[in-house]
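If you count the sequence shown from 1, you need to add 884 to reach the numbering used here.
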Amino acid sequence: MDFHKELSEKLIIAMKAKDQDALKTVRDLKTRIKLREIEKGDPLTEAEFIKIVRTAAKQRKEAIVLYEKGGRVELKEAEEAELAILEKYLPQMMTEAEMVTLVENVVAETGATGMQDMGKVMGPMMKAAAGRADGKRLQEIVRGMLN
């Protein structure tokens, strides 16, 4: 399904259900998409849409940490609710076992033997992960294997 159509349907459902968190989140997402399309001059691709959702999710995660440190429980809970909505639009993330297998395969393909080859491994690995894995976690796994 086209993400524009899906977001419009979710917006209508949120309005009818009077779900303020979903309404705010979907409106924000639609705004980000529209601004990016105006900036680009063309409709967004699915990959660009996912990138926008990822950015919005990352911002929510950062806000959750800040609100938690500041003791703002009600704002933290609102951000968590919005994050849960955004995560529905993201592709399924890789499991730990899948990440380890991916790293093993890329290390074998590139012939990496030590930490000096880390750059040789990271590029193809991030491309193979295609945004379905946390880059920091993948880097940790690579460091563990190449040490």
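Note that beta-carbon positions come from the ideal geometry of N, C-alpha and C, so glycine has one too.
Keep in mind that this is a model prediction, so the values were computed, not measured.
Residue range of the alpha helix (DSSP H) that includes residue i
{"i": "A1012", "result": "M1002 to A1013"}
{"i": "T997", "result": "Here T997 belongs to no alpha helix (DSSP H), and DSSP marks it neither H nor E."}
{"i": "K972", "result": "That residue, K972, is in no alpha helix (DSSP H); it is neither H nor E in DSSP."}
{"i": "R1027", "result": "G1019 to L1030"}
8 Å Cβ cutoff met for residue i and residue j
{"i": "M1006", "j": "V1026", "result": "yes"}
{"i": "A1017", "j": "M977", "result": "yes"}
{"i": "A941", "j": "L919", "result": "no"}
{"i": "I934", "j": "G1015", "result": "yes"}
{"i": "P1008", "j": "V990", "result": "yes"}
{"i": "Y951", "j": "K945", "result": "no"}
{"i": "I896", "j": "R916", "result": "no"}
{"i": "E921", "j": "L913", "result": "no"}
{"i": "N857", "j": "M1002", "result": "With the chain running from 885 to 1031 in the structure shown, residue 857 is simply not present."}
Whole-number beta carbon distance between residue j and residue i, since they are thought to touch under 8 Å
{"i": "A947", "j": "E971", "result": "Actually they are not in contact, since the Cβ atoms of A947 and E971 sit about 15 Å apart, beyond 8 Å."}
{"i": "A898", "j": "L907", "result": "4 Å"}
Alpha-carbon to alpha-carbon, residue j and residue i
{"i": "K902", "j": "E893", "result": "14 Å"}
{"i": "Q904", "j": "D886", "result": "24 Å"}
{"i": "G995", "j": "K889", "result": "45 Å"}
{"i": "Y973", "j": "G925", "result": "23 Å"}
{"i": "V984", "j": "Q1023", "result": "11 Å"}
{"i": "E982", "j": "A992", "result": "15 Å"}
{"i": "I969", "j": "T909", "result": "7 Å"}
Inset, instruction - Return the chain-ordered ranges of every alpha helix (DSSP H) run that is complete within the segment 887-938 and spans a minimum of 4 residues. - result: 887-901 and 904-924
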